[in-house]
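**Q**
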Amino acid sequence: MSKEPKKAPKEKIILGIDPGTNIMGYGLIHTTGKAYEIIQYGVIQLKKYETHELKLKKIFERVSGIIEEFVPDSVALEAPFYGANVQSMLKLGRAQGVAMAAALSREIPITEYSPKKVKQSVTGNGNASKEQVAAMLQTLFNLKELPKQLDATDALAVALCHHFHEGRVQSRGRSKGWKSFIEENPERVKK
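By the count of the numbering used here, the sequence shown reaches residue 923 at its end, each step adding exactly one.
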């Protein structure tokens, strides 16, 4: 009886997006099996555009351009959080919708993650600050320095969250503690 040859780990490109109407973060990672590395990350500056409609147009154009250049296998977006300002949330939802439309126009699957889920996945703490998320990414990706705009690292965190959760059944509920987290995420423990 002959053994079947081992299959090479599947390679993927994941585009993570941290939606915003003034600054939108994006991060691209390349994954091979459980391994991951950064392709590129940055921000799309939107403050200079006067109207919300023009900002939305630029989001669509820039996200479409990134998709065209890097051809990601999937797009992961951070879901808008519920804030006190309804107008801000509405604008943020529109920005997210336009980014989604750019991916959908090229038939790329989209997954949405709550800010808490992203932080939990990357740092182990769903209430981590942007700075804590960035510091953990600096360690995980061995970055020499962090960008000035942490929206870029937030987008990388969304992409990495997607990598960690892809193919797993998402569960809602309370964390069972560090022991459970380590058992469920052995690849995230440095030895």
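Note that beta-carbon positions come from the ideal geometry of N, C-alpha and C, so glycine has one too.
Would you give the residue range spanned by the beta strand (DSSP E) that threonine 753 belongs to?
**A** Here threonine 753 belongs to no beta strand (DSSP E), and DSSP marks it neither H nor E.
**Q** Measure the Cβ-Cβ separation of leucine 892 and isoleucine 749 and say whether it is below 8 Å.
**A** Against a cut-off of 8 Å, the Cβ pair of isoleucine 749 and leucine 892 comes out as no contact.
**Q** Ignoring anything shorter than 3 residues or poking outside the stretch 817 to 853, list the beta strand (DSSP E) runs there in chain order.
**A** Complete beta strand (DSSP E) runs here, min 3: 842 to 845.
**Q** Quick check: the Cα distance between glycine 774 and glutamate 785, rounded to an integer number of angstroms?
**A** Looking at the two C-alpha atoms, the distance is approximately 22 Å.
**Q** Does DSSP put leucine 872 in a helix, a strand or coil?
**A** Helix at leucine 872.
**Q** When the distance is taken between beta carbons, is glutamate 844 closer than 8 Å to alanine 887?
**A** Going by C-beta atoms, alanine 887 is not nearer than 8 Å to glutamate 844.
**Q** Could you tell me which of Asn859, Tyr758 and Glu863 sits nearest to isoleucine 799, measuring between CA atoms?
**A** Comparing Cα-Cα distances from isoleucine 799 to each of Asn859, Tyr758 and Glu863, the minimum goes to Tyr758.
**Q** Do you know whose CA, among Tyr781, Ser796, Lys790 and Leu824, lies nearest arginine 838's CA?
**A** Nearest of Tyr781, Ser796, Lys790 and Leu824 to arginine 838, Cα basis: Ser796.
**Q** Is it true that the CB of serine 806 sits closer than 8 Å to the CB of lysine 744?
**A** Result yes, Cβ atoms of lysine 744 and serine 806 sit closer than 8 Å.
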